[in-house]
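Peer 1: Input: one structure, supplied below.
Residue numbers (my numbering): 9 to 566.
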């Protein structure tokens, strides 16, 4: 896009009236500066705020949902990954085409606080690590970045994201640049070997100051995954207060994102002692949710029960901040799975997680964008199986994965919406939504969905603006929309501990559950998987019940 700005100065007036001429000239300069600022930073969400549990546009009051992807820049090269593989503009355009409106860009404290890092150029950083191929790759794909300092390179990436209307969350990932995270890496908690609180505060202040006039930077996350044997709640309250104050003093317009303890999985201590911060409408909490550490046999053989218990754990540890007397936004800033699809426990975890994210319409950031790392844990060109790109940053690692994010990329709830009895029926395993057409029911792209209403277990699931309701016909047969809504075939209830099975009886009195037919995306009804005749969980089941998982997602948006 090219901009042509013409400012006409009335020179006759300048000659006749010097004072008026000075005023006109001054006003013209001011207009020009404003135009340059708008052209340089075209992002529409210049300032975000919070209202109850929602992130909103500070001017309009409308909800702004963060649907982000993580882009690491905190490892030893301190350069956002992939710049040796593809032109910056191409990477950013791909972020946009994938549907994300935001990037969580990670950075290391030392890059800002220590001259040995701050003064390095991109080329020098790669040279000192003997990353010759990466150096040549940046020279080929992004030659304009090679002689920039690491900090200027970061800003160039942020500006390119802003030019494509992508918001940026700056995440202080580590102090010493390296892969994260372990309990004893020296980066885990205040006072650890590389994590000096005063230096950390200095880094936050420098970053807040540098980007205070860049509206693309909408939020700063104070620290990633606090952890390790030194972690103490008293120290957490002290330093979180100091960090938030440091950011707020330098840049009061940016959101301040607060992480908890135990690798960003525990905010539960806030129930007893709330965090007292003078952030007004700028405080956001964050959490992570991976399958790391989960017993794989639980996901494989007790899928329903484990999904129920792990969801309850997440809501008790972190998700509770969305409700209560003083609700606040929660940013699920990391979650992810092996994109190759062969890790079955992770596949089931991901369906469980997606049901929760969709149900509560949570702001989120997927880990991660990167198909590979320049240098990770001593290995050059380390491949990232969780990454959306393949190792060469050429194609999607999994061509169908983005389909699973269709609904959660959308905004289904918001602060100004009235309570609604309408639902989207969501299938988290496929990421599709139920749509009814002339009595037939299918799973389709969540860009389009039918709206349904349901008054609770034992009642019909009604199709909006239609006298019909969802009905089971028989085992293995397609679900239909019927006008006979008083029969047992049309009375649906949640069964299983996961609350993700919807069951009704057919005309022979058999309990049948909705099921997604992957071969043609039709919706059929079949005997409920991993449930006994009483529709309770069986203690051990080798089948995968997630094909029968459906969630009623309350929505006030179309």
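A virtual CB, placed ideally from N, CA and C, is assigned to each residue, including glycine. What you are looking at is a predicted structure, and each value in this text was computed from that prediction instead of being measured.
Can you tell me whether residue 553 is buried or exposed, with buried defined as 16 or more other CB within 10 angstroms of its CB?
Peer 2: Burial call: buried.
Peer 1: In or out: residue 311 buried (at least 16 other Cβ within 10 Å) or exposed?
Peer 2: Buried.
Peer 1: Do residue 126 and residue 120 have their beta-carbon atoms positioned less than 9 Å apart in this structure?
Peer 2: Yes, these two residues count as a Cβ contact at 9 Å.
Peer 1: Would DSSP call residue 516 helix, strand or coil?
Peer 2: Three-state DSSP puts residue 516 in coil, outside helix and strand.
Peer 1: When DSSP builds the beta bridges, which residues end up paired with residue 157?
Peer 2: Paired residue(s): 129.
Peer 1: Between 395, 384, 508 and 493, which has its C-alpha nearest residue 367's C-alpha?
Peer 2: The shortest Cα separation from residue 367 among 395, 384, 508 and 493 belongs to 508.
Peer 1: Do residue 482 and residue 530 have their beta-carbon atoms positioned less than 9 Å apart in this structure?
Peer 2: Not closer than 9 Å, so no.
Peer 1: Quick one: using the 10 Å Cβ neighbour count with 16 as the cut-off for buried, is residue 280 buried or exposed?
Peer 2: Residue 280 should be labelled exposed.
Peer 1: Identify which residue in 57, 65, 72 and 344 has its Cα closest to the Cα of residue 419.
Peer 2: The shortest Cα separation from residue 419 among 57, 65, 72 and 344 belongs to 72.
Peer 1: Output the residue ranges of the beta strand (DSSP E) runs that lie fully inside the region 400–448 and measure 3 residues or longer, sorted by chain position.
Peer 2: Counting only runs of 3 or more, we get 430–435 and 440–445.
Peer 1: Residue 237: beta carbon under 8 Å from a heavy atom of the ligand NAP?
Peer 2: For the ligand NAP, the structure offers nothing, since it holds no ligand at all.
Peer 1: Hey, could you find the ends of the beta strand (DSSP E) residue 461 is sitting in?
Peer 2: Element bounds for residue 461: 460–462.
Peer 1: My output table needs one value for residue 48: the three-state DSSP class, helix, strand or coil.
Peer 2: Caution applies to residue 48, whose pLDDT of 42 falls short of 50 and renders its modelled position unreliable; the value that the coordinates give is listed next. Residue 48 falls in the helix class under three-state DSSP.
Peer 1: Identify, in the order they occur along the chain, each residue of the same chain with its Cβ nearer than 7 Å to the Cβ of residue 499, setting aside the five sequence neighbours on each side.
Peer 2: Once the five neighbours on either side are set aside, the close Cβ partners of residue 499 are 466, 467, 468 and 512.
Peer 1: Rounded to the nearest angstrom, what separates residue 79 and residue 557 at their Cα positions?
Peer 2: The straight-line gap from Cα to Cα measures roughly 31 Å.
Peer 1: Taking the alpha helix (DSSP H) that residue 244 falls in, what are its first and last residues?
Peer 2: Here the alpha helix (DSSP H) through residue 244 covers 241–258.
Peer 1: Any idea what DSSP makes of residue 374, helix, strand or coil?
Peer 2: Residue state, collapsed to three classes: strand.
Peer 1: Do residue 471 and residue 489 have their CB atoms nearer than 9 Å?
Peer 2: Yes, Cβ-Cβ distance for residue 471 and residue 489 is below 9 Å.
Peer 1: Helix, strand or coil for residue 119? Go by DSSP, reduced to three states.
Peer 2: Reduced to three states, the DSSP call for residue 119 is helix.
Peer 1: State the start and end residues of the unbroken beta strand (DSSP E) segment that holds residue 387.
Peer 2: Counting along the chain, the beta strand (DSSP E) containing residue 387 begins and ends at 387–391.
Peer 1: So residue 384 and residue 187 are in contact, right, with Cβ under 8 Å, and what is the actual spacing, rounded?
Peer 2: About 5 Å; that satisfies the 8 Å criterion.
Peer 1: Can you tell which of 550, 527, 378 and 476 has its C-alpha closest to the C-alpha of residue 103?
Peer 2: It is 378.
Peer 1: Whole angstroms is fine: what's the gap from residue 142's alpha carbon to residue 133's?
Peer 2: When rounded, the distance between both Cα atoms is 11 Å.
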